[in-house]
Each structure stands twice: as C-alpha cells, then as structure tokens.
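Basically the working numbering = 1-based index in the sequence shown + 791.
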Amino acid sequence: MLNLPNIAIADYPGVQKASLYGLVDLFALIPRLDPTITAPHVQIAMPEALPTTLATAVIFPASLDGSRGNPAHPMTDWLRQQHAQGAIACSVCAGAFWLGHAGLLAGRPVTTHWALEQDFRARFPDADLQAEHILIDDHDVITAGGLMAWVDLGLHLTGLWYGGEMVSQLARHLLVDPAGREQRNYSSFRPLRDHGDAAILIAQRYIDQQFQDILTVSDLAAQAGVPLRSFNRRFQKATRHSPAAYLQALRVEKARGALERGNKSVAQIAWAVGYRDIPAFGRAFRSVTGLTPGAYRARFRTGSPL
C-alpha cells in the first residue's frame, strides 16, 4: 500500500443504510484484525456536507427505495470532480446510476442489479452493461451488482490496498465465503492518481481513453501541455512508471478483464487492447502476469462461456 486510503461513502437520498454502514464497519475491522495496520480514513459524504479533500475512492452504495440518482444533484457534480482528480468511482447496485449521471460510464464495462438492467440500459446506452457479473473492476471505475454486493466491493478494495491475506482474514471474521468472488488477483495495475500533478493526470486519462491506439510520448506530452524534455521525468515521478510501461500495464489489465469475463479469442482481445502483433501481446501479458493469456483465462474466468 503506497498511501493510506481516504474513502468517501455517499449518504444520498434513499441510500440503503445496511450498505452504507456495512462498508464503514467492514473497513473499521481491518486494524482490529491486524493492529499493525492503520485503518483507512472513512468519511460519510452527505449532500449538505460534501468532503472537499480528494478521496482515494468514492463509493455510492445501494438503494432500497428505487432511487436512481439525479444528474442535477450536487453529489453528481461532486463525484465527477473527485473522479477527475484521480479518485476511484465505485458503486453498489443502484449506485451505478449515480456514476452514469456523472458521465463516467460511456464505453465502460459495468454491472448493477439484474432487476435494474432494462432501466439502466435505457438511461445509459453507451455503457457496456454486464449484469451477469457480481463485480467489475475497470481500473478507476469499480461496480458491484446486487444489494449485498457491498461485501464484494469492500473485500475487493481491501485486497487492492491491503492484500489477499487481509481479505482472507476479513472473510473468515465475517463468515462469508470469498471463493467465486472477484478477489482473484491483488497485483493488478493500480497506478497513482492522487499525486497532485494535474498535467500528468490529463495524460493518464488520455491513455485510459486511447490505450488501443498507437500512442507516442510526444502525443502524451502534447495532451498534457508539458514540454517533451520534462514530460518523461514528471510522468515517472507522478505515476512511478515510464509512459511505455504504464501503457503496457494498462493494456494487460484491460486484457485480463476481457479474458475473465468474455469469450473473445486471444487474438481479438490483443487487437482490442492495442496490440497488432499477437506474439508480442503474449510476451507482454506473460511478463506482467506470469501466465499465458490462455492459462490466465483457464484459471480466472468467471461464469460459463457465453
């Protein structure tokens, strides 16, 4: 863990209190189970008292009364601002509608409760809804499915920040079975976004959106508005990766998700994430994961082939 997580959980109108306070309690258990670990900082965000500090993650829990969010609500704009500054946008069940209203889901793989599928597709046709999955981690947007999927989200975030051993301890303490949940790989690519360099964050977001294209350092420097001679240094300092290593890691991360959740061929996935040389994709994938794409799919695939 590089930085102590700062988590903001939205107490929006109609929020499911069990989801809201369940997440608060889950994160509070971490230092109780291991006193050597510092607890994440968790704050409840209310419409009349929205945190102004940057959150590592913003979570919109489930709803019990059918609330679907509101594009004009102050919390929507607050979420958009937090995400633009580097926060991970997270949701449980109907909380995904808030992420959609904030404009964060176009082209993104996302999940929500199966009963909300028709409404969600109608409101956000540009999102790649995959309601059969209980949790989808798409880098800086993480969505979980049903009303009780706050447990899955909490365990998943715990794994990202504190590692698999803490997930196992939490699961045992809570008497939940982590098997089959999407806590499969805690060494996934998770670059720093709260580094405070706004220009480099622009470059990161450009890579996030255009990772499948041919990108050069000159392209990224131009997007960031930073002189080429200083861009590499600033990018490395902010993200702890070179631009080339960052792009490769992101492409492999996207490929992982496709291998876990879909049935496209390895060649199709390689092309979709920006590789035109299939053997080169295989070498890059194995250098990051230690597995071939085929072996990774066999080990980590969720559900049945479509």
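Cβ coordinates follow ideal geometry from the N, Cα and C atoms, glycine included.
Looking at the DSSP output, Cys881 shares a beta bridge with Ile850, Ile933.
Counting only runs of at least 4 residues, the segment 883–965 fully encloses the following alpha helix (DSSP H) elements, listed from N- to C-terminal order: 887–892, 908–914, 941–953, 955–965.
In this structure, the beta-carbon distance from His874 to Leu895 falls below 9 Å. Unbroken beta strand (DSSP E) stretches of 3 residues or longer found wholly inside the segment 812–877: 832–836, 848–851, given in chain order. For the options Thr829, Arg984, Phe851, Ile821, the alpha carbon positioned closest to that of Ile835 is the one of Phe851. In this structure, His904 keeps its C-beta atom at 9 Å or more from the C-beta atom of Ala918. The beta-bridge partner set that DSSP reports for Asn797 consists of His832. Taking each of Arg1067, Pro1070, Ala1075, Ile1069 in turn and checking the Cα distance to Leu1041, the smallest one comes out for Ala1075. Approximately 7 Å separates the beta-carbon atoms of Pro796 and Ala848; this is inside 8 Å, confirming the contact. Under the DSSP assignment, Val1008 falls in the alpha helix (DSSP H) whose first and last residues are 1008–1015. Put simply, of Arg1052, Val1079, Thr1083 the residue whose alpha carbon is nearest the alpha carbon of Ile927 is Arg1052. If you compare the alpha carbons of Met837, Thr843, Leu817, Asp1010 with that of Pro831, the shortest gap goes to Leu817. Apart from sequence neighbours up to five positions away, the residues of its chain that approach Gln1039 with a beta-carbon distance below 7 Å are Ala1075, ordered along the chain. In terms of Cα proximity to Leu983, the closest of Ser1009, Glu956, Leu920, His930 is His930. For the pair of segments examined, the segment 1019–1029 was found not to touch the segment 1056–1075: the number of CB pairs separated by less than 8 Å stays below three. If the five residues before and after Val833 are omitted, its C-beta is found closer than 7 Å to the C-beta atoms of Ile798, Ile800, Val815, Phe818, all from its own chain and listed in chain order.
Annotation for Tyr1037: the continuous alpha helix (DSSP H) segment containing it runs 1034–1052. About 19 Å separates the beta carbons of Ser810 and Ala840, which is beyond the 8 Å limit, so they are not a contact pair.
If you draw a straight line from the Cα of Ala962 to the Cα of Ser1009, it comes to about 46 Å.
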